[in-house]
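2 protein chains.
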Amino acid sequence: MESNQPLCCDTTEIHMDLVEQVRSQLPQDEILYDLAELFKIFGDSTRIKILYALLESELCVCDLAKLMEVSQSAVSHQLRVLKGSKLVKFRREGKVLYYSLADDHVLSILNQGMDHLTE
Amino acid sequence: MESNQPLCCDTTEIHMDLVEQVRSQLPQDEILYDLAELFKIFGDSTRIKILYALLESELCVCDLAKLMEVSQSAVSHQLRVLKGSKLVKFRREGKVLYYSLADDHVLSILNQGMDHLTE
DNA sequence: CTAACATATGAATAACTGTTCATGTGTTCA
DNA sequence: TGAACACATGAACAGTTATTCATATGTTAG
Numbered sequence: 048m049e050s051n052q053p054l055c056c057d058t059t060e061i062h063m064d065l066v067e068q069v070r071s072q073l074p075q076d077e078i079l080y081d082l083a084e085l086f087k088i089f090g091d092s093t094r095i096k097i098l099y100a101l102l103e104s105e106l107c108v109c110d111l112a113k114l115m116e117v118s119q120s121a122v123s124h125q126l127r128v129l130k131g132s133k134l135v136k137f138r139r140e141g142k143v144l145y146y147s148l149a150d151d152h153v154l155s156i157l158n159q160g161m162d163h164l165t166e
Numbered sequence: 048m049e050s051n052q053p054l055c056c057d058t059t060e061i062h063m064d065l066v067e068q069v070r071s072q073l074p075q076d077e078i079l080y081d082l083a084e085l086f087k088i089f090g091d092s093t094r095i096k097i098l099y100a101l102l103e104s105e106l107c108v109c110d111l112a113k114l115m116e117v118s119q120s121a122v123s124h125q126l127r128v129l130k131g132s133k134l135v136k137f138r139r140e141g142k143v144l145y146y147s148l149a150d151d152h153v154l155s156i157l158n159q160g161m162d163h164l165t166e
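Line by line, the protein sequences are chains A and B.
As numbered in our numbering, the first sequence has no gaps in its residue numbers, which increase by one up to the final residue, 166.
As numbered in our numbering, the second sequence has no gaps in its residue numbers, which increase by one up to the final residue, 166.
Have a look at this one:
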């Protein structure tokens, strides 16, 4: 039994040159990490719904809360995340904060995702 | 003190008509949920890295493990997820499974994300 | 058939994430 | 100045997720 545990491809080193070549083409780890962080934002249905709503119109926090039937606090927490990634912006009018999409990359990203689903 | 806790916009109902109109434009909840699930896949740096690697070349599991310096098991688990979302496919050659991207939506989605980061 | 090996997978654990609850902040109006 | 309100935020809790470890599966060579 005495397993000397061949971790993976220990003997053959199947495609070591290819591995090196591909490695040299990869974006830096930090960039990949940031990219994952960005997609993580889209990976929550509450946030997706907020984004789709803002695609239609600028809305205030309580509009969003009503629209989505979740608490004001939950919406506010998520808007904070979206703000942090520069996906939404807001303007103040008295007590009310009106949120809107920061740019139209949001739409592009959402559309690409939809394309993959509906084919 | 006796808070009757005005949940949110209780009195004014600021933009109730607008809320209804926006609601009617939103995709179905189930679609939004599926879309979030898809983006969740992209929201992990291990999986992002796998996808970028496969963008360069078809690779076997242990190539990927070496390339990314993670365990074979971790790669295998993630490939399972990617397979489940039809983002990668594979072909068998003897004992070795070669993975590749399922289609070029993957590239489109990654590129849109990159665009948002690098502007 | 059996040993070797590439890969898959189930269980367990640690880290992370989203919501709720309670409360704080900033603005308006009287 | 103080009450009312829209919104933000910190702490806590529950649910989710990625990795590791151990082991199982499926294929090849002898």
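Even glycine gets a Cβ: it sits at the ideal position worked out from N, Cα and C.
Buried or exposed for serine 71 of chain B, please, with buried defined as at least 16 other CB atoms from any protein chain shown within 10 angstroms of its CB.
exposed
Does any residue of chain B bring its CB to less than 8 Å from the CB of leucine 65 of chain A?
yes
How would you label aspartate 110 of chain B, buried or exposed, when you count the other beta carbons within 10 angstroms and need 16 or more for buried?
buried
Which runs of the beta strand (DSSP E), 3 residues or longer, sit entirely within the region 89-159 of chain B?
Runs found: 135-140, 143-148.
C-alpha gap between alanine 100 of chain A and arginine 139 of chain B, whole angstroms:
45 Å
Whole angstroms are fine: how far does the CA of histidine 152 of chain A sit from the CA of glutamate 105 of chain A?
Straight-line Cα distance between these residues: approximately 16 Å.
Which residues of the region 80-91 of chain B have a Cβ closer than 9 Å to any Cβ of chain A? Give them in chain order.
Tyr80, Asp81, Leu82, Ala83, Glu84, Leu85, Phe86, Lys87, Ile88, Phe89, Gly90, Asp91
Under 8 Å between C-beta atoms of isoleucine 156 of chain B and glutamine 159 of chain A:
Yes, these two residues count as a Cβ contact at 8 Å.
Whose Cβ in chain B lies nearer than 9 Å to the Cβ of isoleucine 97 of chain A?
Here the premise fails: no neighbours, minimum Cβ distance about 10 Å.
Could you check whether the Cβ of valine 69 of chain B sits closer than 8 Å to any Cβ belonging to chain A?
yes
By the 10 Å Cβ neighbour count, where 16 or more other Cβ atoms means buried, how is histidine 124 of chain A classified, buried or exposed?
exposed
Within a Cβ cutoff of 8 Å, which residues of the same chain sit near methionine 115 of chain A, ignoring the five residues on either side of it in sequence?
Thr93, Lys96, Ile97, Ala100, Val122
Per-residue contacts from serine 104 of chain B into chain A (C-beta, under 7 Å):
Residues of chain A with a Cβ closer than 7 Å to the Cβ of serine 104 of chain B are, in chain order, Leu65, Val69.
Ends of the alpha helix (DSSP H) at leucine 182 of chain B?
Nothing can be reported for residue 182 of chain B: it is not among the residues displayed for chain B, which extend from 48 to 166.
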